[in-house]
């Protein structure tokens, strides 16, 4: 297929794509891909009990132990994407017709995981500031109980949502969940791997993270962590017995379908892990950068930021309806003029053609790059006669 | 993690590992990994309707269409491993307590997929030659019907099994399935990507393949193909509506959890696809090689081949209890003497330390390598006084 172009966006441009920067590979992960690219590359030294997370060479077992410690949880498994973590938990806990509480800004994969298990999503309403609070969660629990006669089987809340990158009150939501004896799944797709996350401190029963979203790893990759209390249920091993052969596969975990992330993706996660452990310590610096950017961005007349302010996450939704979109109205390239201008300044990753509400992410940019980005937007504004304060 | 060793087994050795050779990357796939390694690398040009298999740049949509044609099926999706294909089908068709017919040599992931959906596996007994026949399948259907009062909801049979690499009568089993109006899933983990497979000719309702096992792709990767008849059911799109926000995610497919194999693994599959299309035409040559090897192997006194003969697949189970295991009895290195000897001859991939029944696979070796392998085993035999005819 000669139509597969060589991808060099991260090498040639400043990439402000909202979902990509946390999954940009480290050099170590890239090296791991090259050496462990072949299909079953992790299985060279697989021996009894024949399960991925028990393999000692390369040190996959050590990685699992260290990853659990890093997350403040008792056990962890790698999975092909956060969604497969949701699925494993939901399928373990939810039966036909059961309710699951999610955020009104829940990612669609949470909806699908519940639907696949035959459950029903029940959304917690947002405050006027677009935040999921413990109070609203408690109220939703009561409503579900009243409406269906049963408590929800699970509460699944995104710490920071995919839409606005707002922080939701997971610490107090975890308390509410505990008070009602409902297990709580912390969706850390936008946090685990970029900022410090400790499941015990949060009081979560489950943590789900994404390798390709926030752990400097290739897709699909992710993780599911839990406590001793829940491990036996969600990581339960197979009980099925062959009716003719009497075969048993006792060590294999049902919801994970046995081994999960064999191959390069896991080794890349392992290779990125030291850098990930280091980079979460510098989250504050990332927050300084996005807030610097926000301040500069708002100097452009008509610009708005739709996410909460000040920013606590680099994923940010902005609104340029009052600025760049006005230019797009009469420009022969319409909204594409804006992409053209950004590209000329070596910036990509905005939603091409969008000039109303759109998302960006400054995670991992250097200060020079963030300054260049802010300057570029102001320069484009000035070029088209938009006032910059 | 400096303990992640550089993996160079495929570069430095002849690798006879039973499950690895079909997933060895092509050079094109390796290049794809390097350029598309970053997490969400496939999402640069994602636009409406926002689903992986619809992306045009890189040409993921074309790949899906060509892959379906290649397989003789109407629709195909990529999945993170064959097991996720089983899961999608089983979870769509099987409810609590339903029966699913599998082979007595079924892979454990089929067991788990059924267990996760609350179903029960019912194994078709093997003939004395270790083959799953249509006759035995038909009889099992009747038994299940008699025993449970209901027909099985699905028949899932491996064309070639993981244990012996024997061929099972999938063509006639598909007919039996059709006669009973039970959907038939063809497990092509050991066939799709190494030999010609046409779903329409087989009469399969579902084909499942493995990227890392047989499609020269990184793990986890795989495919699930089906006919128009079943696509609406197994690839059904979400119907869930947010009770507060009224959000819908209409294009996303429930059992696939939306997008599936974002990133490098998919691009690597695409990059390997031309080579895969070519290599399946040369399956006969691969069969000549394994049969040549088998003949030479059997010249060693006491050696047996446990798989069916002549070989129709390169994955082969052998028994050296009457030869190398006798040496192991008194050797100070026990069974490891055999691995030591193989390694000295630049051969790896046998199960280290095993000298009774073990598996090997000659897929993709050159004639020179196959001859070296046969010669090496004979040389080791002679060295320890075992007669070679």
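Residue numbers (the numbering used here), protein chains in the order written: chain A, 5 to 393; chain B, 5 to 393.
Beta carbons are placed, not taken as given, at the ideal position from N, Cα and C, and that holds for glycine.
Just so we're clear, the structure is a prediction, and the values are computed from it rather than from any experiment.
Check: Supposed close pair residue 220(A), residue 27(A) - CB separation, criterion 8 Å; Outcome: 7 Å
Check: Backbone secondary structure at residue 60(A) - three-state DSSP; Outcome: coil
Check: Pair within 9 Å by beta-carbon distance, residue 135(A) and residue 173(A); Outcome: yes
Check: Sub-9 Å separation of residue 32(A) and residue 268(A) beta-carbons; Outcome: no
Check: Residue 257(B) beta carbon less than 9 Å from that of residue 241(B); Outcome: yes
Check: Contained beta strand (DSSP E) runs [length at least 3] in the stretch 143-200 of chain A, N- to C-terminal order; Outcome: 158-162 and 188-191
Check: Validate contact between the stretch 72-91 of chain A and the stretch 259-268 of chain B using beta carbons, cut 8 Å, 3 pairs; Outcome: yes
Check: Cβ shell of residue 177(B) (< 6 Å), same chain only, five flanking positions each side left out; Outcome: 138, 141 and 161
Check: Helix, strand or coil at residue 309(B) according to DSSP, with G and I counted as helix; Outcome: strand
Check: Within 9 Å, strictly: CB atoms of residue 9(A) and residue 62(B); Outcome: yes
Check: For residue 323(A), the residue or residues it bridges with in DSSP; Outcome: 308(A) and 361(A)
Check: Run of the alpha helix (DSSP H) containing residue 300(B), from where it starts to where it stops; Outcome: 287-301
Check: In DSSP terms, what residue 241(A) is bridged to; Outcome: 257(A)
Check: Near-chain A residues of the stretch 213-230 of chain B (beta-carbon distance less than 9 Å), N- to C-terminal order; Outcome: 214, 215, 216, 217, 218, 219, 220, 221, 222, 223, 224 and 225
Check: Supposed contact pair residue 103(A) and residue 123(A) - C-beta distance, whole angstroms, cut 8 Å; Outcome: 7 Å
Check: Contact check, residue 91(A) vs residue 235(A), beta carbons under 9 Å; Outcome: no
Check: Backbone CA spacing between residue 391(B) and residue 325(B) [nearest angstrom]; Outcome: 14 Å
Check: Sub-9 Å separation of residue 328(A) and residue 340(A) beta-carbons; Outcome: no
Check: Counterpart residues of residue 346(B) in DSSP-defined beta bridges; Outcome: Beta-bridge pairing links residue 346(B) to no other residue.
Check: Segment contact, 8 Å Cβ cut-off, at least three pairs: the stretch 184-203 of chain A with the stretch 275-284 of chain A; Outcome: yes
Check: Residue 366(B) to residue 319(B) span [Cα, whole Å]; Outcome: 7 Å
Check: contact_flag[the stretch 367-383 of chain A, the stretch 33-42 of chain A] where n(CB pairs < 8 Å) is 3 or more; Outcome: no
Check: Beta-ladder partner(s) of residue 204(A), from DSSP; Outcome: Residue 204(A) pairs with nothing; no bridge assigned.
Check: Cβ shell of residue 21(B) (< 6 Å), same chain only, five flanking positions each side left out; Outcome: 353
Check: Under 8 Å by beta carbon: chain A residues contacting residue 253(B); Outcome: 112, 115 and 116
Check: Residue burial classification, residue 345(A) (beta-carbon count within 10 angstroms, cutoff 16); Outcome: buried
Check: For residue 211(B), the first and last residue of its enclosing beta strand (DSSP E); Outcome: 210-214
Check: Reduced DSSP category for residue 229(B) - H, G, I as helix; E, B as strand; rest coil; Outcome: strand
Check: Straight-line gap, residue 43(A) to residue 30(B) (C-alpha atoms, nearest Å); Outcome: 11 Å
Check: Rounded C-alpha distance that separates residue 191(B) from residue 211(B); Outcome: 6 Å
Check: Residues of its chain near residue 17(A), where Cβ-Cβ distance is below 6 Å and the 5 sequence neighbours each way are ignored; Outcome: 350 and 352
Check: Three-state class that DSSP yields for residue 52(B) in the structure shown; Outcome: coil
Check: CB contact check: residue 66(B) to chain A, cutoff 9 Å; Outcome: yes
Check: 7 Å CB neighbourhood of residue 331(A) in its chain, flanking five on each side removed; Outcome: 341 and 388
Check: Spatial distance of residue 301(A) from residue 386(A) (CA atoms); Outcome: 13 Å
Check: Residue 375(B), enclosing alpha helix (DSSP H) - first and last residue; Outcome: 371-387
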